[in-house]
Amino acid sequence: MRDDEKQVALEVEVGQLRIRNMDLKLKLDRLSAALKDSREREAQAVIALEKEKEEVAREVEAGQWRIKQMDLQVTIKKLREELKTRTEEHAAEVAQLKAQVQQNSLEGGGAGSKKWRRAE
Numbered sequence: 003m004r005d006d007e008k009q010v011a012l013e014v015e016v017g018q019l020r021i022r023n024m025d026l027k028l029k030l031d032r033l034s035a036a037l038k039d040s041r042e043r044e045a046q047a048v049i050a051l052e053k054e055k056e057e058v059a060r061e062v063e064a065g066q067w068r069i070k071q072m073d074l075q076v077t078i079k080k081l082r083e084e085l086k087t088r089t090e091e092h093a094a095e096v097a098q099l100k101a102q103v104q105q106n107s108l109e110g111g112g113a114g115s116k117k118w119r120r121a122e
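First residue of the sequence shown: 3, per the working numbering; consecutive thereafter.
In structure tokens form, the structure reads like this:
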């Protein structure tokens, strides 16, 4: 092979290497852009997930307050029912005691009565 042919062959090889290098640079640029885009999407996804997490946390807290409120309502209802029952029981006891006092008065069993003085 002559020097001219060698020179041409080298120039062709250099040209092919330059083309290959340009292709690789383009591929690198595309990959870099894709990576950057991917990172941006990932960051946006993380931000969206954080917002969703905060919203769910607020909903959980609101639900817990609602549960507490409902528990208190149930407790209040039970206490009212118990108070009503006790009030009715006490009213019945008071009525019974009044009846006994009245009966004792009718029978003359009071402290100033003759029966009382005789018992002393």
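Glycine residues also receive a C-beta, built at the ideal position from the N, C-alpha and C atoms.
Proximal residues to residue i (C-beta, below 8 angstroms), its chain only, five neighbours per side dropped
i, result
"Arg-119", "Bear in mind that a pLDDT of 47 at Arg-119, under 50, signals an unreliable position, so the model cannot answer this."
Residues near residue i by beta carbon distance below 6 angstroms, same chain, minus five either side
i, result
"Ala-59", "none"
Contact test: residue i Cβ vs the ligand SAM heavy atom, cutoff 7 angstroms
i, result
"Glu-91", "The ligand SAM is not part of this structure, which contains no ligands at all."
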